[in-house]
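Colleague: Read left to right, the sequence shown gives residues 1202 to 1800 (this note's numbering). Just so it is clear, CB atoms sit at the ideal spot from N, CA and C, and this is done for glycine as well. Pasting a structure below so you can have a look.
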Amino acid sequence: MTTFSLLNIWASLPKTTRGQAIVVNGDPKGENFLYCNGNSIYIRNIKNLSICDVYSEHSKETTVAKYSPSRFYIASADKEGKVRVWDTVNKEHVLKAEHSALGGAIKDIDWTLDNQKICVVGEGRELFGRIFSFDSGNSFGDITGHSKSINSVSIRQARPMSIVTGSEDFSTVFYDGPPFKFKCTISDHQNFVNCVRYSPDGEQFISGSSDGKLFLYDGKTTNQIGEIGAPKAHAGGIYSISFSPNGKKVVSVSGDKTAKIWDVDSRSVESEFAFGKEVNDMQVGCLWQNDIILTVSLSGYINFLDPSSPGHPSKIIKGHNKPIMALAVSDDGSRFYTASSDGVIITWDATTSDNDDFKGKGHTNQVTDLVLDKGYLISVSMDDTIRYSSAASLEYSGQALKLDSQPRAVDSKNGVAVVASINHIIVLEAPGRKISSLPFKTEGLSVSIRPGGTEVAVGSKTHLHIFTLSNGTLKEKKSEEVQEVSALQYSPDGAWLAVASKNKVLIYNVDDWKEIVGGWGEQHTAKVTCLSWSPDSRRVITGSIDSHIILWEHGKFVGQKPSIKAHPLSHVNKIGWVNNNTVVTVGQDSNVKIWAVSN
């Protein structure tokens, strides 16, 4: 029986929001780091980013996660105030406990050094923070003293234990315990306190604020030791700080698009890293783990910094943190291209995962489809334009051609492209000259050009349409009632046409346009979103909003087809064959996954 096996997850980047800090936490052993996007927690190896584990058991959008000091558990939280504690030993990540901790989004989380208690802070109706036993949920004190949402928390990893929090009310509050109770308020900042962190030995803690200032305090008495980088550490708001393992240095990141490494004793800057001049270059999160420093840009890109080589990042991990809506695979399968709902286009090496983004001014809205032809990456978008960009130079074309109506899909062969739009079928030739535009009444959803370039299939809300294509002119030769043709594609040998209609898959023999009976039909439990033929024209693979991919082969499979839940709690948005035994899938979860498909 044919089976699927997951070869690689090229993971989503962290979700970011302008003006908000994100929390990136590390592994006590220094091997992994954690971040959130969508309903998932990502556990990535800091030295080999292709090693990734994804925990997707939250029913709501996740916000923060942190290892216990023992490393046996991870506590993760979501925007509705729920905390899940799960083990890291088993691949299944067995749930240990679940608690409704706050009445709103949890922004930060920390463990006590005995691995028994968790403190969460964030938004709430009555409380902005709680300290409780991770297994029973019993309270171990009160997190009070703030009048607005709490942004950050840090627990002293030494005895006597204490907690420090930072809030949107501009204050930092100190608690001692257990049981933990309010001790004092510190009001040195003039804006939101976005991050507070204890040094590894607990002797000091630092607060960073939207006022651009960093203050250093005694970890036991809360007396201010001094200001780091006075009169102002950063020109913009400080979103995150992280101590070095020995506590002698600290890294801070800011909306001024820089990261700075500070000497704690002298409270002076040692090195500075600049990330560019665009809004997306703002730095919103950071982590110092062993000898590796990483920061997160507003774009979601993960930057690796080398303290011995200041100035610019030594490595940048690019990708998507929004749903991936489009995919195009090169003819030789060596590369593929993805595009997301924010208009970002990324090129990937299909073997190594090395990637890069397209430079210049691109689409201003969601990219709905991609296709490669004659050295161009052709993209259509909800900004009502089509672009012909150089696949080799990774630069957006300088001009975008405005289309007659919003495009849904594009295909191109031998330099001639056909775009299925809401109200038109448009024919163009490279690099973007419109040849003809045919009014279309039934809302185009999908399009495929038959190898040879003389026939075009267009799917709509109500029909499957077949056109002849000659000298840039379309002429309809056949129309068949088929509901909601969300995807279709001619086989590479031109003999077959695969059609997705709602949750069904239909196969037509192109010679006589008879639908193949038997072995096809309903297998998905929800709408099929994408399909793709293998290069040898033997098999079709489909993806659906039911999270599954299914393999189809005429005459071979009787009854249930080989399938796998490829993107849990997510839609499979696009799918493509790298070769006859390897498939790439992309989803609403922003992940790229590579699958081996056995014969």
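1) How would you label P1446, buried or exposed, when you count the other beta carbons within 10 angstroms and need 16 or more for buried?
2) Quick check: the segment 1560-1579 against the segment 1496-1514, are there 3 or more CB pairs under 8 Å?
3) In this structure, does DSSP put V1480 in helix, strand or coil?
4) What is the DSSP secondary structure of R1360, reduced to helix, strand or coil?
5) Could you tell me the boundaries of the beta strand (DSSP E) in which N1238 lies?
6) From this set, S1606, L1578 and D1605, which residue's C-alpha is nearest L1595's C-alpha?
7) Checking 9 Å against the spacing of the C-beta atoms, do A1618 and S1647 come in under that value?
8) Alpha carbon to alpha carbon, how far is K1283 from W1753? Give it in angstroms, no decimals.
9) If I measure Cβ to Cβ from W1796 and keep anything under 8 Å in the same chain, skipping five residues before and after, which residues do I get?
10) With DSSP as the reference, label H1294 as helix, strand or coil.
11) Going straight from the alpha carbon of A1593 to that of D1533, what length do you get?
12) Nearest by alpha-carbon distance to P1361: which of S1353, P1379, G1367 and T1345 is it?
13) Tell me S1613's beta-bridge partners as DSSP assigns them.
14) Taking 9 Å as the cut-off, decide whether the C-beta atoms of S1455 and I1439 are in contact.
15) Alpha carbon to alpha carbon, how far is A1527 from S1340?
16) What separation, rounded to the nearest whole angstrom, lies between the Cα atoms of K1762 and L1689?
17) Between T1423 and I1387, which are expected to be in contact by the criterion C-beta below 8 Å, what is the C-beta distance as a whole number of angstroms?
18) Taking the Cβ atom as the reference point for each residue, do H1625 and L1602 lie within a distance shorter than 9 Å?
19) Check whether the Cβ atoms of P1514 and F1476 sit closer than 9 Å, and answer yes or no.
20) Just tell me which of A1212, C1253, K1261 and I1275 has its CA closest to the CA of P1229.
21) Going along the chain, which unbroken runs of the beta strand (DSSP E) with 3 or more residues stay wholly within the segment 1461-1518?
22) Please state whether DSSP places A1688 in a helix, a strand or coil.
23) Between the alpha carbons of G1304 and A1278, how many angstroms are there, rounded?
24) What did DSSP end up calling V1683 once you bin it into helix, strand or coil?
25) Return the chain-ordered list of same chain residues with a C-beta closer than 6 Å to the C-beta of G1427, the five sequence neighbours on each side being excluded.
26) Nearest by alpha-carbon distance to S1350: which of Q1358, S1372 and F1333 is it?
27) Can you check whether the CB of N1710 is closer than 9 Å to the CB of V1729?
28) Take Y1538 and list the residues in its own chain whose beta-carbon comes closer than 6 Å to its own, dropping the five residues that flank it on each side.
29) Counting only runs that start and end within the segment 1300-1361, where is the alpha helix (DSSP H) found for 4 or more residues in a row?
30) On the three-state DSSP scale, how would you describe S1702?
31) Starting from the C-beta of H1390, find all residues in its chain whose C-beta is less than 6 Å away, skip the five residues before and the five after it, and write them out in chain order.
32) Can you list, in chain order, the residues of its chain whose CB lies under 7 Å from that of S1301, leaving out five sequence neighbours each side?
33) When you compare each of S1799, F1375, K1458 and A1431 to V1397 by their alpha carbons, which one comes out closest?
34) Give the DSSP bridge partners of V1779, in chain order.
35) Between V1611 and I1636, which are expected to be in contact by the criterion C-beta below 8 Å, what is the C-beta distance as a whole number of angstroms?
36) Let's test the definition: count the other Cβ atoms within 10 Å of the Cβ of W1211 and tell me whether it reaches 16, buried, or not, exposed.
Modeller: Let me spell this out:
1) exposed
2) no
3) helix
4) coil
5) N1233 to N1238
6) L1578
7) no
8) 40 Å
9) F1205, S1206, L1207, L1208, I1750, I1765, A1767, T1783, V1784, V1785 and T1786
10) coil
11) 14 Å
12) P1379
13) A1618
14) yes
15) 48 Å
16) 19 Å
17) 6 Å
18) no
19) yes
20) I1275
21) 1469-1475, 1484-1490, 1493-1498, 1503-1506 and 1516-1518
22) strand
23) 12 Å
24) coil
25) L1417 and R1468
26) S1372
27) no
28) A1529, T1548, L1571 and L1578
29) none
30) strand
31) F1371, S1410 and D1412
32) G1282 and K1283
33) F1375
34) Answer by DSSP bridge pairing: none, since V1779 is not bridged.
35) About 14 Å; that fails the 8 Å criterion.
36) buried
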